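Novice: Residue numbers (the working numbering), protein chains in the order written: chain A, 1 to 319; chain B, 1 to 445; chain C, 1 to 276. Dropping a structure here in structure tokens format, bear with me for questions.
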Amino acid sequence: MATLTGKHDIEQDGGPPQGRSRRRLSLSARNSVLSYLLLAPSIAMALVFIAFPIYMIVNLSLRDGRTMLMSEVGDLQLTLGNYIDVLTDSETWDALRISVIYTSATVVGAILVGMGTALLLRRQLPGRRWLRTFILIPWPIPGAIATVAFVWMLDGTYGVVNFLLRHVGLIDENIAWFFNPDTALIGVLMPTVWIAYPLCTLMLLASLQSVPDELYEAARMDGASAGQQFRHVTWPAVQNTAVLAMIVTGLWSFTTFDFIYAITRGGPDGATQTLAVAIYNQAFRFFDLPYAAALGVVTMAIASTVLLALFPIVRRRFF
Amino acid sequence: MNAGRMRPSAQRRHWRRGATALIAGMLLLTACGGSDADQSDGDTAADEDGGDGGTEPIELDFPSWQANEPGHADALQAIIDEFESRHEGVTVNLYAVSNEDFQNQIVTRLAAGDPPDIIPSGNHFFAFAATGQLEPLNDRLEESGLLDEWESFQSERVIDGDHLALTMHALTRMLYVNEEYLANAGVDGPPTSPEELAAAVGALSDSVEEGVSPWGATTTTHSNLFGESTAFIVGMGSQWIVDGEWAVTAPKTVEAIELYRSLARQAPPGLDGGGYRQLLADGRVAMSQDGSWVIATLDDISPEDVRPNIIAAVPPFENTLALVGTSLSIPAGISDERKELAWEFIKVAAEPEFQGLWAGSIDAAPGRRGSIPQERIDERPELEVVADTIASAQPEFPESENFRANFGEIEQRIIDAMMRLLTTDTDTLEVLTDLENELAAITEP
Amino acid sequence: MTPRRVRVLRYVLIFALIIILLFPVYWMVLTALLPTRILLSPTPPLVPPLTAISFDSFWRVFELRPVGTWLANSTIVTAGTVVASVVLATMAGYSLSRLASRFALAVGYSLFLVRLIPATLLVIPLFMMFGAIGLNNTLRSLVIANTVIIVPFAAWLMKSFFDSIPVELEEAAQADGCSRLRAFVSIVLPLARPGIGAVAIFSAILSWGEFTFARTLIQGDAGVTVTVGLVSFVGEYTADWGALMAAGLLSIGPMVLLFILLEPLLISGLTSGAVK
């Protein structure tokens, strides 16, 4: 059969992909008008839907005065005052700290669970198809019922999780997960990771598919332990996908606020107030759109800096 | 995957299938646009009302979180039917928006300049008012003489001298008691003073079995915290602002908050109103202070063997509260013709018959004095308790324009402070002092 | 360890993991079947007492709400989003794969910028934009909004898939006299089918579960999608927990079905690299 396999993606110890034939092709073959044309609609769409909103948000952030009315924004004075307020408010930095913890924990949690499940479900097992379907079920569960379910499951008095943990002996007394400022963030991370892991599982499983069993056999015959097998066989094959999965999960958890808001509204006393939640509070509870917009711009600046920093890594892996 | 080359005919078929899918998709997109484009009729207000002699049917956009709620739904429909019968060619599109979303949706629409025609509000009112997009009703109220017929709690909807909504009814807080548990704890009858309340809860906590809490209250970050703490403060004779000064650290306020705190700490942690109400209805909470709206809810959700045990009593405080329930507003950003129609609608809702109907069906006190007929009060004893309570009620908000104008942020600070009181052991006075400083920084009292 | 024991251990681990990971779903089912009185207790029943099970919640869902309308709306939006996302992502992915200019790649990376804008702030401008072009309160606006969010990731997914299809194929076709476009459509696209399948499922799930836009860009009850409709079970004072869970579980039915049907396609579709 005509081979499309080309080169295996299996890289040796993280080195760059071998012999990409593209580099030897003529430029005209690659940078054809068609290629640009095909990219154009997506770019155009992104431009329209990025450009105007960003313009509006930046415009809002530079205006003096509290307003909720878009049409009167133009009449307000220009000022950098909002940015000064945002950057000097300790709440902003608290929110940033919590955002960082929340996002990193989510990414780590989702990748770990995703990796674990992907490794377990890699092999040919009877019933694998059903098992793989089950594992993915949390993904389409609507946030509205996931949050309600977890609120009740983790309830301090009537929650089943406390019941189980006590039964098993892990804790002595009930933990009021969402009530106690120390545990609230952990409590909120649980449904977040729960919803986020299936995508990672899916992606990691897919790229694990490309690793032939023979490689594992060979490694085992050479006396490699499970850990070494992972490092030398598994990881090189999945690292690209893992990075992509981490980026997507990270972006999502950094900007999402529905989850946290539905469970704790950023409380107790700001313990779970990420930047996204803080923006929401400023806009819809304090009715200070310009301030919220400034906070939003700062958030986007931080996130894009991180994204930019990752670009070289992405470029190395994907090209 | 089969990687072999496809034969040319198969390729063509495949390509055709793809193209068909694409075209089908695009048709789908255009088709689905048509079916619900009618919905947007209501909000391109400015364009429609140019012409005269409207044979052009007008549809008033009326979203409400109460559109499906028992009691409210029927009353609203009755008002709509009456209004439509008086105005040929005008229909009212009442539709449900879930309570969680309601404030956001309306605020977004007000901010973007595309508001509904009739805006109902509960405590969402302050968010809407903050957009500056609500039409002042002063002239219309004077002209129609309605203000003279209206209860004093209408003042809670006045911002900077402008009546921005007409209050439909007011609610109050009641003490809900599970008599069985109370009897088991050796207490005769509901408490009638703060000291008796504390004692009763103490006795209950000793006697109730595992899995039952002696007290129910909101114990998570939620706007209920404002209402619940205010109920204690106002009940025991104080307010957030007294005589033009912040009174957050006044002795009576501190005393009230201490009581509130000690009780709330015996409530199941981490629950919001919906949560502990469910527990009360299920018989897992022995006593709580909650709005008068719970009476009807209990009828719905409480199992048969528990419901008879729960009674509603007057709260054990010297003062009772009047909480504005629903009020109706008109947005400033619609055409004059629509504003007139919306006002006509509100006037129908303000008529004695409909005031009595609406308030009566939800155990509330109507905005228009004397609208509930005595027979109705005789039928439903709870209404009597509510009526008594409201008779001597204090408004929930202090006398302060600034308080109302800055309510969004003030509420948030108060909520955070209450959470601090509930989740940490910090001294009450300390927390309240910090709170007072925060509030003073937001605005003059 | 003998291979047999390894296999048993593997199964044990898998089942343990599934039990832990799916426990919340089990709890949701119980909430739909049992009254809160039994479920919310200090000793919750891990195994439901058979006498207390009632399917009332499920009937109530259909009685109380226009679930059919919700499902129809969600389906329309999802179908539209899938088509739009697949088309755009496939085209963009191909470009990103073939274009060797760094500028183009940077531009492609910038597609991710869309995901940086906090939803809270994005909603008002979008609301105004759609209003200005007359797409206010239409399902089409949701399709567009969803597509914008999905395309960045989907494009990169397709890109990695196209990367594994050697350019030589197109070269060969061109040598045979095919136009560039024809080569793309008749040769490359069919080979990319699994990738397309993957993007289709991915956009289906994201679009089906989308909440923020669906609740702001649509007013009135004609255009309510399932995710927004669910929240209506949470009333102002109390919530109908049973019906909420019942409706929520019913709503994932179509998605689970999609999983089951397309699972093989999905796995091979996401292979970023060798194609077996």
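The beta carbon of each residue, even a glycine, is placed where N, CA and C say it ideally should be. Predicted, not measured: the structure shown is a model, and the values here were computed from it.
For alanine 313 of chain B, collect the residues of the same chain with a Cβ closer than 7 Å to its Cβ; drop the 5 residues on either side in sequence, then sort them by chain order.
Specialist: Met174, Leu175, Val177, Pro190
Novice: Residues in the same chain with beta-carbon distance under 6 Å from glutamate 48 of chain B, minus the five sequence neighbours each way, listed in chain order, please.
Specialist: Legend: pLDDT at glutamate 48 of chain B = 39, less than 50; position of this residue unreliable, value from coordinates given subsequently. Here the set comprises nothing.
Novice: Between the alpha carbons of alanine 231 of chain B and alanine 292 of chain A, how many angstroms are there, rounded?
Specialist: 32 Å
Novice: In or out: proline 398 of chain B buried (at least 16 other Cβ within 10 Å) or exposed?
Specialist: buried
Novice: Ignore the nearest five residues each way along the sequence and tell me which others in threonine 31 of chain C's own chain have a CB closer than 7 Å to its CB.
Specialist: Leu39, Trp241, Gly242, Met245
Novice: Which residues, taken in chain order from the stretch 69 to 86 of chain B, show a beta carbon closer than 8 Å to some beta carbon of chain C?
Specialist: Glu69
Novice: Spell out the partners DSSP gives aspartate 290 of chain B in its beta bridges.
Specialist: B:Met174
Novice: Below 8 Å, how does it come out for the stretch 164 to 176 of chain C and the stretch 201 to 220 of chain C: are there three or more Cβ pairs, yes or no?
Specialist: Below 8 Å, too few C-beta pairs join the stretch 164 to 176 of chain C and the stretch 201 to 220 of chain C to call them touching: fewer than three.
Novice: Using 8 Å as the threshold, is the stretch 316 to 324 of chain B in touch with the stretch 218 to 237 of chain B, meaning 3 or more CB pairs across them?
Specialist: yes
Novice: Inspect the beta-carbon positions of glycine 274 of chain B and alanine 239 of chain C and report whether they are closer than 8 Å.
Specialist: yes
Novice: Secondary structure at leucine 164 of chain B, three-state DSSP: helix, strand or coil?
Specialist: coil
Novice: Identify which residue in B:Arg284, B:Ile106, B:Ala296, B:Ala165 has its Cα closest to the Cα of valine 386 of chain B.
Specialist: B:Ala296
Novice: Name the chain C residues whose beta carbon is nearer than 8 Å to that of threonine 108 of chain B?
Specialist: Val123, Ile124, Phe127, Thr216
Novice: Between the beta-carbon of proline 42 of chain C and the beta-carbon of glycine 216 of chain B, is there less than 8 Å?
Specialist: Cβ distance not < 8 Å, so proline 42 of chain C and glycine 216 of chain B don't count as in contact.
Novice: Under the assumption that glycine 131 of chain C contacts aspartate 114 of chain B (Cβ atoms under 8 Å), give the Cβ distance between them as a whole number of angstroms.
Specialist: 6 Å
Novice: Please report whether the beta-carbon of leucine 34 of chain A lies at a distance below 8 Å from any beta-carbon of chain C.
Specialist: yes
Novice: Throw me the rounded Cβ distance for the alanine 281 of chain B and isoleucine 301 of chain B pair, which I believe falls under 8 Å.
Specialist: Taking 8 Å as the upper bound for CB-CB distance, alanine 281 of chain B and isoleucine 301 of chain B are in contact here, some 5 Å apart.
Novice: Between the beta-carbon of proline 303 of chain B and the beta-carbon of arginine 7 of chain C, is there less than 8 Å?
Specialist: no
Novice: Our contact map puts leucine 111 of chain C next to alanine 46 of chain A with C-beta atoms below 8 Å; I'd like the distance itself, whole angstroms only.
Specialist: 5 Å
Novice: Please list, in chain order, the chain C residues whose beta carbon lies closer than 7 Å to that of methionine 300 of chain A.
Specialist: Residues of chain C passing the Cβ test: Leu116, Ile117.
Novice: My assumption, with CB atoms under 8 Å, is that aspartate 363 of chain B sits in contact with serine 292 of chain B. Please give the rounded CB distance.
Specialist: 5 Å
Novice: Consider the Cβ of tryptophan 150 of chain B: report whether some Cβ of chain C lies at a distance smaller than 8 Å.
Specialist: no
Novice: Between the Cα of alanine 92 of chain C and those of A:Phe134, A:Asp64, A:Tyr36, A:Leu189, spot the shortest distance and give me the residue it belongs to.
Specialist: A:Tyr36
Novice: Closest Cβ-Cβ distance between proline 181 of chain A and chain B: below 8 Å?
Specialist: Taking 8 Å as the CB threshold, proline 181 of chain A lines the interface with chain B.
Novice: Whose CA, out of B:Ser361, B:Ile346, B:Asp434, lies closest to the CA of serine 140 of chain B?
Specialist: According to the sequence displayed, residue 140 of chain B carries arginine and not serine. Per the Cα distances, B:Ile346.
Novice: Select from the stretch 28 to 44 of chain C all residues with a C-beta closer than 8 Å to any C-beta belonging to chain B, and list them in chain order.
Specialist: Pro35, Thr36, Arg37, Leu40, Ser41, Pro42, Thr43
Novice: By the three-class DSSP mapping on this structure, what secondary structure does glycine 235 of chain B have?
Specialist: helix
Novice: Sort out for me which residues DSSP pairs glutamine 394 of chain B with in a bridge.
Specialist: Answer is B:Leu321, bridged to glutamine 394 of chain B.
Novice: Looking at chain A, which residues of the stretch 216 to 248 of chain B have a Cβ within less than 8 Å of any of its Cβ atoms?
Specialist: Thr219, Thr220, Thr221, His222
Novice: Between which residues of its own chain and serine 392 of chain B is the CB-CB distance below 7 Å, once the five residues before and five after are set aside?
Specialist: Thr320
Novice: Could you check whether the Cβ of arginine 193 of chain C sits closer than 8 Å to any Cβ belonging to chain A?
Specialist: no
Novice: In terms of residues, what are the limits of the alpha helix (DSSP H) holding glutamate 337 of chain B?
Specialist: 336 to 350
Novice: Could you say which of A:Tyr216, A:Ala294, A:Ala245 lies nearest to serine 104 of chain A if we only look at CA atoms?
Specialist: Comparing alpha carbon positions, the residue from A:Tyr216, A:Ala294, A:Ala245 closest to serine 104 of chain A is A:Ala245.
Novice: Using a Cβ-Cβ cutoff of 9 Å, what residues of the stretch 253 to 265 of chain A are near chain B? List them in chain order.
Specialist: Ala262, Ile263, Thr264, Arg265
Novice: Can you pull the chain C neighbours of tryptophan 194 of chain A, defined as C-beta to C-beta under 7 Å?
Specialist: Pro24
Novice: If we call anything under 8 Å between Cβ atoms a contact, is leucine 146 of chain B one with alanine 350 of chain B?
Specialist: yes
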